[in-house]
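*Asks:*
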Amino acid sequence: MASPFLSAIFIAAIVFFISHSVWFLPSQGAEAAAATNAPPNTRLSSPSHRRCTTLVILGKHYTFCAPSAVAKKKGRTLSERLPREGHAETRRPSPAARVSLSERNHPSIRKRLSREPRRVIRRRAATAAHKHPLRRKHPTGGQPLVRIPATSGRHPSGSPRVRPGAAFPPRPVRNNGETLRNDFYEQTCPQVESIIRNKVSEWVTKDPSIAPSLLRLHFHDAISTGNDASILLKDPIRRSTEMYSGFNGGLRGFDVVDDIKLAVEKSCPGIVSCADILTVIARDVTLEMKGPFWFVPFGRKDSFTSFLSDAVEVPNQESDVNILLKQFDAAGLTFSDLAILTGAHSVGKSHCFSFTGAGAGGANPHMNLTYAQALNQRCKAGPLETVFNDDVTPNILDVQFYTNLKQGRVLFKSDDTIYRDNSMTSSLVDAFLSQPGVWDAQFAVSMVKLANSRVIADPNQGEIRRICSVPNNGLIHH
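Those letters in the sequence shown? Residues -24 to -1, 1 to 454, per mature numbering (1 follows the signal peptide of the UniProt record, and there is no 0), in order.
1) With distances taken from CA atoms, which of Phe223, Ser170, Arg228 is nearest Gln293?
2) Are there three or more Cβ pairs, one per stretch, closer than 8 Å when the region 294 to 312 is compared with the region 388 to 404?
3) What's the C-alpha gap between Lys242 and Leu254?
4) Suppose only complete runs of 3+ residues qualify. What are the beta strand (DSSP E) ranges in the region 367 to 413, listed by chain order?
5) How about Ser185 and Lys356: do their beta carbons lie closer than 8 Å?
6) Helix, strand or coil for His327 per DSSP?
7) With distances taken between CB atoms, is the gap from Cys244 to Cys165 smaller than 8 Å?
8) Give a yes or no on contact between the region 396 to 408 and the region 283 to 292, applying the rule of three or more CB pairs nearer than 8 Å.
9) At what residues does the beta strand (DSSP E) containing Phe364 begin and finish?
10) Glu169 by DSSP, collapsed to three states: which one?
11) Are the CB atoms of Thr201 and Lys210 nearer to each other than 8 Å?
12) For Leu309, count neighbouring C-beta atoms within 10 Å of its own C-beta (all shown protein chains included) and say buried if the count is 16 or more, exposed if not.
13) Helix, strand or coil for Leu309 per DSSP?
14) Do the region 167 to 186 and the region 254 to 263 touch if we need at least three Cβ pairs shorter than 8 Å?
15) Alpha carbon to alpha carbon, how far is Pro132 from Ser206?
16) Is it a yes or a no for the region 352 to 370 touching the region 315 to 329, going by three-plus beta-carbon pairs under 8 Å?
17) If distances are taken between C-alpha atoms only, which option among Leu227, Pro412, Gln411, Pro188 comes closest to Met265?
18) Identify the continuous alpha helix (DSSP H) that holds Ala239 and give its terminal residues.
19) Under 8 Å between C-beta atoms, does Gly202 make it to chain B?
20) For Gly450 and Cys444, what's the separation of their Cα atoms in angstroms?
21) Buried or exposed: Leu238, going by 16 or more other Cβ atoms within 10 Å of its Cβ?
22) Among the residues of its own chain, which have a CB less than 8 Å from the CB of Val414, if the five just before and after it don't count?
23) Check each candidate in Asn380, Gln411, Gly319 and name the one with the smallest Cα separation from Phe419.
24) In the structure shown, what three-state DSSP assignment does Arg192 receive?
25) Where Leu193 and Gln349 are concerned, what is the direct C-alpha to C-alpha distance, given to the nearest angstrom?
26) With DSSP as the reference, label Val272 as helix, strand or coil.
27) With distances taken between CB atoms, is the gap from Ala198 to Leu373 smaller than 8 Å?
28) I'd like to confirm the pairing. Which residues does DSSP put opposite Asp278 in its beta bridges?
29) On the three-state DSSP scale, how would you describe Arg157?
30) Just to confirm, is the Cβ distance from Pro447 to Lys277 under 8 Å?
31) Counting C-beta neighbours from all protein chains within 10 Å, is the total for His342 16 or more, i.e. buried, or is it exposed?
32) How many angstroms separate the CA atom of Phe282 from the CA atom of Ser221?
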């Protein structure tokens, strides 16, 4: 009898002690499994750190748990650091992330966001650059970190201002004269052609040698980037425009163009572009040299920019026929245009340094020996001495050049190569000599094609310069 009594007292003492220091949990049996919808005898993970003990008292299982004395580890385990599937990472968002896109534009919000530590901004920018190297974003506004400066306003009259680093307009969209019209100035400036014609006649009367120089000036402008008057833009400080390229060395007539532009501006201010004026000048000086006439379509715009590197497209006197054909093809011209327009070398002069190379005959290895000896004698005066391109009819634009070409009496290798190195162009040379009048008619056609090559017609991508040598905003872009 004593044994059950002592057992009851012992059990009561244990229950009293446990009730003051631990939690009482049901056994890990059917009841626990039913409470968690888990199968029987499934081990339950405790929600917190505690130590549990199961005792068998009078045939029944009792589980007693108490808080563990083990301290919680600092930091988080790998499973705790990784975001759970279907849940966003519970990281405190930055001030910028807690502000909506529409709110960021408010001045006060932008000022507050800009106070974030520099190291935070740098870290986020580096992360963004790592994810997308070509698209760095500002951490607070989604805007590029590099701002492109806008072009400044209009300029006062005078020389162009050079603004280093200024953003320049993109390359304009060009066409081959589809938008040009013969009557473009019929309502706005009907007298423009007569004004130009009279001024050209004045200048050629004073200096006949200016006529071939103006024809060459037009060709160099149109063949490089298109007929856009970019050759006329000056940059005396940096010398960074087409005008200063070695490929355009010896060009003359800029003062003539400025004078004619001034006369046109007096009658029709802000109406006629410099590109159109230069095109009409080329036609009129051709007439002064007994060449053919053609109608000039109008409507070209002047370029905003001019780049020194663009002048590499100008044919060089050392080039062979294959290079020349590629350069003409880039301008929308053909092998026949090459053979025809080369005939313009029947007028004008050349400096000795441009064709002598290693003495007369250096640039043209097939030069006639007697002709080479005469040039050597003439060029003893110095490299700046000039000689006529055609010493038979030097001031008349005719087919005498092609006769000289077949006889080896031309100055440049680029002239000689169109007859010796290409069957298509050489056959045209023979045709021009055997059929009088063919070259004159075809020269007019090729000059129209050249003048319509890659023109700017969109008023948003070009302008009507008030002064041909200066953009209207006064800035030379680099």
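Just so it is clear, CB atoms sit at the ideal spot from N, CA and C, and this is done for glycine as well.
Quick caveat: nothing in here was measured; it's all calculated off a predicted structure.
*Replies:* Let's see:
1) Phe223
2) yes
3) 17 Å
4) none
5) no
6) strand
7) yes
8) no
9) 362 to 364
10) helix
11) no
12) buried
13) coil
14) yes
15) In this predicted model, Pro132 has a pLDDT of only 38, less than 50, meaning its place in the structure is not dependable enough to derive any value.
16) yes
17) Pro188
18) 230 to 243
19) Note that chain B does not occur in the displayed structure, where there is just one protein chain.
20) 11 Å
21) exposed
22) Ala407, Phe408
23) Gly319
24) helix
25) 30 Å
26) coil
27) no
28) Glu439
29) strand
30) no
31) exposed
32) Residue 282 is actually Ser in this sequence, not Phe. Going from the Cα of Ser282 to the Cα of Ser221 covers about 11 Å.
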